[in-house]
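Asker: Residue numbers for the sequence shown follow UniProt numbering, so the first one is 1 and each next one is one higher.
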Amino acid sequence: MFNFLQNHNTYIIRKYQSKIDQINQLASKMQKWSDSELQQQTEYLKKKVKEGCSLDQLLPIAFGTVKEACRRVLNINLFDVQILCGIVLHEGQIAEMKTGEGKTIVAALPAYLNALTKESVHIVTVNDYLAKRDAEWIGKIHKFLGLSVGLIQQNMNAYNRKNNYHCDITYVTNSELGFDYLRDNMAIDKKDIVQNIFNFCIIDEVDSILIDEARTPLIISGPAQVSTEKYMIANRLSTSLEKNLDYEVDEKNKNIVLTDQGIINCEKFLEIDNIYQVSNPWAQYLLNAVKAKELFQVNQNYIIKNNEIIIVDEFTGRIMPGRRWSDGLHQAIEAKENVKIQNENQTLASITYQNFFLLYKKLSGMTGTAHTEIKEFEKIYKIPVIIIPTNKKCIRNDFPDLVYKKEYDKWIAIANECYDMYHTGRPTLIGTTNVEKSELLAKILDEYKLPYNLLNAKPENVEREAEIIAQAGKKQTLTIATNMAGRGTDIILGGNASYSAKSILLEKIKYYLEHKIIPQEEETNIELNLIFKKLQNTLNNDKEIQNIKLEELIRYFEKDFMIIKNHALSASVINNTYQKILNYYEKIFEQDKEYIVSLGGLHVIGTERHESRRIDDQLRGRAGRQGDPGSSRFFLSLEDNLLRIFGGDKISSLMESLNINNNIPIESKILSKSLDNAQQKVETHYYDIRKQLFEYDEVLNHQRQAIYAERNRILHSNYVRDCIIEYGETTIDEILILYYKKNNLISTKTIENKIHSFLNLPKDLTMDNLKSYNMVSMKLLLYEQLRIAYDLREAYLEQLKPGLIRQLEKYYLLQQIDKAWQEHLEKMSGLRESIGWRSYGQQDPLVEYKNEAFLLFIKMITYIRETVVYLVMRSKLILGENNIQS
Numbered sequence: 001m002f003n004f005l006q007n008h009n010t011y012i013i014r015k016y017q018s019k020i021d022q023i024n025q026l027a028s029k030m031q032k033w034s035d036s037e038l039q040q041q042t043e044y045l046k047k048k049v050k051e052g053c054s055l056d057q058l059l060p061i062a063f064g065t066v067k068e069a070c071r072r073v074l075n076i077n078l079f080d081v082q083i084l085c086g087i088v089l090h091e092g093q094i095a096e097m098k099t100g101e102g103k104t105i106v107a108a109l110p111a112y113l114n115a116l117t118k119e120s121v122h123i124v125t126v127n128d129y130l131a132k133r134d135a136e137w138i139g140k141i142h143k144f145l146g147l148s149v150g151l152i153q154q155n156m157n158a159y160n161r162k163n164n165y166h167c168d169i170t171y172v173t174n175s176e177l178g179f180d181y182l183r184d185n186m187a188i189d190k191k192d193i194v195q196n197i198f199n200f201c202i203i204d205e206v207d208s209i210l211i212d213e214a215r216t217p218l219i220i221s222g223p224a225q226v227s228t229e230k231y232m233i234a235n236r237l238s239t240s241l242e243k244n245l246d247y248e249v250d251e252k253n254k255n256i257v258l259t260d261q262g263i264i265n266c267e268k269f270l271e272i273d274n275i276y277q278v279s280n281p282w283a284q285y286l287l288n289a290v291k292a293k294e295l296f297q298v299n300q301n302y303i304i305k306n307n308e309i310i311i312v313d314e315f316t317g318r319i320m321p322g323r324r325w326s327d328g329l330h331q332a333i334e335a336k337e338n339v340k341i342q343n344e345n346q347t348l349a350s351i352t353y354q355n356f357f358l359l360y361k362k363l364s365g366m367t368g369t370a371h372t373e374i375k376e377f378e379k380i381y382k383i384p385v386i387i388i389p390t391n392k393k394c395i396r397n398d399f400p401d402l403v404y405k406k407e408y409d410k411w412i413a414i415a416n417e418c419y420d421m422y423h424t425g426r427p428t429l430i431g432t433t434n435v436e437k438s439e440l441l442a443k444i445l446d447e448y449k450l451p452y453n454l455l456n457a458k459p460e461n462v463e464r465e466a467e468i469i470a471q472a473g474k475k476q477t478l479t480i481a482t483n484m485a486g487r488g489t490d491i492i493l494g495g496n497a498s499y500s501a502k503s504i505l506l507e508k509i510k511y512y513l514e515h516k517i518i519p520q521e522e523e524t525n526i527e528l529n530l531i532f533k534k535l536q537n538t539l540n541n542d543k544e545i546q547n548i549k550l551e552e553l554i555r556y557f558e559k560d561f562m563i564i565k566n567h568a569l570s571a572s573v574i575n576n577t578y579q580k581i582l583n584y585y586e587k588i589f590e591q592d593k594e595y596i597v598s599l600g601g602l603h604v605i606g607t608e609r610h611e612s613r614r615i616d617d618q619l620r621g622r623a624g625r626q627g628d629p630g631s632s633r634f635f636l637s638l639e640d641n642l643l644r645i646f647g648g649d650k651i652s653s654l655m656e657s658l659n660i661n662n663n664i665p666i667e668s669k670i671l672s673k674s675l676d677n678a679q680q681k682v683e684t685h686y687y688d689i690r691k692q693l694f695e696y697d698e699v700l701n702h703q704r705q706a707i708y709a710e711r712n713r714i715l716h717s718n719y720v721r722d723c724i725i726e727y728g729e730t731t732i733d734e735i736l737i738l739y740y741k742k743n744n745l746i747s748t749k750t751i752e753n754k755i756h757s758f759l760n761l762p763k764d765l766t767m768d769n770l771k772s773y774n775m776v777s778m779k780l781l782l783y784e785q786l787r788i789a790y791d792l793r794e795a796y797l798e799q800l801k802p803g804l805i806r807q808l809e810k811y812y813l814l815q816q817i818d819k820a821w822q823e824h825l826e827k828m829s830g831l832r833e834s835i836g837w838r839s840y841g842q843q844d845p846l847v848e849y850k851n852e853a854f855l856l857f858i859k860m861i862t863y864i865r866e867t868v869v870y871l872v873m874r875s876k877l878i879l880g881e882n883n884i885q886s
């Protein structure tokens, strides 16, 4: 059994060891049970929940059930550290579990336990591929135990989304989950709502989602009618502006500042007096054009695919189709690259990841790298981080960084290292920071005549992602990959036998299906059997297997292989065939693994330090999994962004004074430590950005929750007349408050007009007639007149078309709430951009923002109430042949 004393968090050991022992004992007893007896556990546990048993009380037996189901279904026996991680997740904490320790399967334990309450459990991953893989793989355990498993994918329609969200356990990506929430709160019919309650959420790669992606909010936008001509003009102007003369580049904050000379040159070019004028503003267009020119590079920050600009995620190296930079930046880049400029967007709904995930009753997550962000997790999300010990001691060697003067010498040194590793036989993983650098290294390796696998954001490489990473541990394999965050596939030393077996099998299937004439439908079953029998015979010769080249066939696995495997007559034949190939490769790869272990295991090369230490740690963590040997080394140059921006001059001066040649690197632990400090400064800077974003969005979040709650109440109500009446009575209250607190600026006539126009009350109901009433009596009289007027209006509309008034009420309410909220978001965005200037007047911008935001919100609420009442009471309807128009 695992020795927990190896872990410095001894308090965790004392707290959970007895519970883990209990779970193991229960799982051992269950091994004697039949499948049906084990499956009956789910109904038994659900019954216990109904009877009032808490989930904590049921945890040992539920976890024991899952452990035994996992052994039967997936042939995996969970380690004690995985059970510990499952307990931590159930308690709503973040578990840091090193790469290769089996994080993904751990989610099955708390997900099963919390699904017993019949309230939804969401398991969130970073991309569609991982969500699909986990739903199909881990979902087998839950399905075996009688729970329903849902999966949300990018192109899924609303009907399927709703069905999948209403399963016991749903696998979904963070972006799909967030956007579905926003779309649900824009729905005009309750049938269009796809999500259910936010109960329990488990986030895989929690640091990537709650930290890295939390710098930018989720935004649903619609096209705004703004001319794109300004973007083209600004782009032409930016090419004539000179760096350090017309503008300065702040690389630390990724910002552009126009100099006085630059402003003058811009105004001359545009033939205007002021680029900051309100009626015809140019400043934002010019700043975005220069940003696109200086700070956003093709194949680094974005790629061009099908004549579109597609963002590359700086943390994961993946492309993000459908996502756009806001505030006109995306249009500026489109102008720079001379592709079609899409219309600027108006924000329809938005929310930050911080406030979205705080909607859950219980939130937990797991990752291999969370300790550097403990402070942020506790402060923003109120979630503690627990470091889970490794199952076997990590024996990876992390060598000190090598720093070269010139970037060219660094790349040559990396290529030489790859050459040495390849000819030694050690598998090597080379991590790059962007597409451009990965392709540069690929060209150098081509010159060295070294074979390699390339994995970056280019679509042709993304398709093979899982296969490339799975086979990155094979002998003499060089793998170039952009940021390794959240790849989700283990690198197994010697190679992954199951992937190889699937590839070979699919290659043979594809060959026979392409070269044999498939008969009519009624004969297909017989023909498939003949094909697989023939296939089985050809695989008897090991030499034939050995000579087959692995093709890019893994993408056929999900479609073709599963269809044929589930075929009633051919299932046994194909399973036997697959098992035969698998056994063959397991023997070969096991021998290769022993050889690679003797050489030192997987070697990881980092080509640049990332701004975040976690990304570097994730790259290193690919080596040394489950007690395997491994090593890592970072090759850096003084021309790298991090060193250039943060203190590279001092190191450069040191190398000059020591008269060090360009091709001789510095290797120093002190230097590596100074780089860690530089990364900490960057992390602190980004933390401040996220903290500020959260603080400002927290103000908007209270308003958002109030609006969404009101909208939800209306949407789910079958009778909203009372809501309209309530709005009308509140409007009367506000008018009377205005009347009794009137000053010389507000005439009695103005107040009378409000009563008549907004509420459609009789013209002879003047304030002079009401002078004798006190405020309470006047209020009750106007309330009564409002109800009479509304009853008359309702009777008139019902006569035109039965049920029309009910439709109009709901339509006007939702329409005006949405319209006002969108306008409010625009005002809040403008306020957010300008509020910083208040600090020059010795005022706290956040306090001022809260005050201004509150006043804007009150105005919006008043506008909604008055407009809705006015529209219902005053709209003129035209009865057409087929419908009624207002």
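All C-beta atoms in this analysis are idealised placements derived from N, C-alpha and C, irrespective of residue type, glycine included.
Have a look at Asp192, Ala108 and Glu96 and flag the residue whose alpha-carbon is nearest the alpha-carbon of leucine 715.
Answerer: For leucine 715, the nearest C-alpha among the options comes from Asp192.
Asker: Inspect the beta-carbon positions of asparagine 217 and serine 350 and report whether they are closer than 9 Å.
Answerer: What sits at residue 217 in the sequence shown is proline, not asparagine. Closer than 9 Å, so yes.
Asker: Could you name the residues that DSSP lists as bridge partners for arginine 633?
Answerer: Note: arginine 633 sits in a beta bridge opposite Ile605.
Asker: Roughly how many angstroms separate the alpha carbons of aspartate 490 and lysine 98, rounded to a whole number?
Answerer: If you take the alpha carbons of aspartate 490 and lysine 98, they lie about 12 Å apart.
Asker: If distances are taken between C-alpha atoms only, which option among Ile805, Pro802, Thr862 and Leu599 comes closest to isoleucine 707?
Answerer: When only C-alpha atoms are compared, the closest one is Thr862.
Asker: Per DSSP, asparagine 255 is paired with what?
Answerer: Paired residue(s): Asp250.
Asker: If you count every other CB in all the chains shown that lies within 10 Å of the CB of isoleucine 504, and 16 or more means buried, which is it?
Answerer: That one is buried.
Asker: Give every residue of the same chain whose Cβ lies closer than 6 Å to the Cβ of aspartate 560, excluding the five residues on either side of it in the sequence, and list them in chain order.
Answerer: Summary for aspartate 560: the model assigns pLDDT 42, below 50, so the residue's position carries little reliability, and this model does not support an answer.
Asker: Going by the DSSP bridge assignment, what does leucine 781 pair with across the sheet?
Answerer: Answer is none; leucine 781 lacks a bridge partner.
Asker: Are the segment 77 to 87 and the segment 372 to 382 touching by the rule of at least three beta carbon pairs closer than 8 Å?
Answerer: The segment 77 to 87, when compared against the segment 372 to 382, does not touch it at the 8 Å Cβ threshold.
Asker: Glutamate 248: which of Ser240, Thr239, Arg236 and Gly262 sits nearest, CA to CA?
Answerer: Nearest C-alpha to glutamate 248: Gly262.
Asker: By Cβ distance below 7 Å, which residues in the same chain neighbour glycine 728 in space, the five residues on each side in sequence not counted?
Answerer: Excluding positions up to five away in sequence, the list reads Leu759, Leu786 and Val869.
Asker: With distances taken from CA atoms, which of Ala292, Asn255, Lys291 and Leu241 is nearest lysine 268?
Answerer: Answer by Cα proximity: Leu241.
Asker: Glutamine 342: which of Met232, Lys362, Lys48 and Ile386 sits nearest, CA to CA?
Answerer: Looking at the Cα atoms, Met232 is the closest of the given residues.
Asker: Looking at C-alpha atoms only, which residue of His371, Met186, Ala332 and Ala442 is the closest neighbour of valine 206?
Answerer: Nearest option by C-alpha distance: His371.
Asker: Thinking C-beta only, is asparagine 288 closer than 9 Å to glycine 322?
Answerer: For glycine 322 and asparagine 288, no; Cβs fall outside 9 Å.
Asker: Could you spell out the range, first to last residue, of the alpha helix (DSSP H) harbouring valine 81?
Answerer: Note, valine 81: alpha helix (DSSP H), 80 to 90.
Asker: State the DSSP-derived secondary structure class of serine 503, mapped to helix, strand or coil.
Answerer: Residue state, collapsed to three classes: helix.
Asker: What's the C-alpha gap between aspartate 250 and lysine 293?
Answerer: Computed Cα separation, rounded: 13 Å.
Asker: Can you check whether the CB of alanine 332 is closer than 9 Å to the CB of isoleucine 202?
Answerer: Going by C-beta atoms, isoleucine 202 is not nearer than 9 Å to alanine 332.
Asker: Quick check on isoleucine 735: does DSSP put it in helix, strand or coil?
Answerer: Here isoleucine 735 sits in helix by DSSP.
Asker: Helix or strand or just coil, what does DSSP make of cysteine 167?
Answerer: Reduced to three states, the DSSP call for cysteine 167 is coil.
Asker: Report yes if the C-beta of valine 597 is less than 8 Å from at least one heavy atom of the ligand ZN; otherwise report no.
Answerer: Among the ligands in the structure shown, none appear at all, so the ligand ZN cannot be discussed.
Asker: Is phenylalanine 399 helix, strand or coil when you go by DSSP?
Answerer: Phenylalanine 399 falls in the coil class under three-state DSSP.
Asker: For asparagine 744 and threonine 731, I'd like the C-alpha separation in whole angstroms.
Answerer: Here the model assigns asparagine 744 a pLDDT of 47, short of 50, so the residue's position is not dependable, and the following value carries that caveat. Roughly 22 Å separates the two Cα atoms.
Asker: Measure the alpha-carbon distance for threonine 482 versus threonine 432 and round it to whole angstroms.
Answerer: Going by the C-alpha atoms only, they are around 5 Å apart.
Asker: Give the secondary structure of phenylalanine 144 by DSSP, where H, G and I count as helix, E and B as strand, and everything else as coil.
Answerer: In the structure shown, phenylalanine 144 sits in a helix (DSSP, three-state: H, G or I).
Asker: Have a look at aspartate 592 and lysine 474 and give me their C-alpha separation to the nearest angstrom.
Answerer: Computed Cα separation, rounded: 8 Å.
Asker: Would you report the Cα separation of aspartate 640 and glutamine 297, rounded to the nearest angstrom?
Answerer: If you take the alpha carbons of aspartate 640 and glutamine 297, they lie about 15 Å apart.
Asker: So, do the segment 414 to 421 and the segment 678 to 689 have three or more beta carbon pairs nearer to each other than 8 Å?
Answerer: Too few Cβ pairs lie closer than 8 Å, so no.
Asker: Would you mind stating whether glycine 627 and isoleucine 303 have Cβ atoms separated by less than 9 Å?
Answerer: No, the pair does not count as a contact, with Cβ atoms beyond the cut-off.
Asker: Below 8 Å CB to CB, which residues in the same chain sit around glycine 425 once its five sequence neighbours on both sides are set aside?
Answerer: Result list for glycine 425: Lys475, Gln476, Tyr595, Ile596 and Leu599, in chain order.
Asker: If we require 3 or more residues per run, which beta strand (DSSP E) segments fall completely within the segment 258 to 321?
Answerer: With a minimum length of 3 residues, the continuous beta strand (DSSP E) runs that stay inside the segment 258 to 321 are 302 to 305 and 308 to 312.
Asker: Methionine 366 bridges to which residues according to DSSP?
Answerer: DSSP lists Ala95 and Asp204 as partners of methionine 366.
Asker: Are the CB atoms of leucine 441 and threonine 607 within a distance shorter than 9 Å?
Answerer: The answer is yes: Cβ separation under 9 Å.
Asker: Is the number of C-beta pairs between the segment 15 to 27 and the segment 52 to 64 that are closer than 8 Å three or more?
Answerer: As far as the Cβ criterion goes, the segment 15 to 27 touches the segment 52 to 64, which means the pair count is three or higher.
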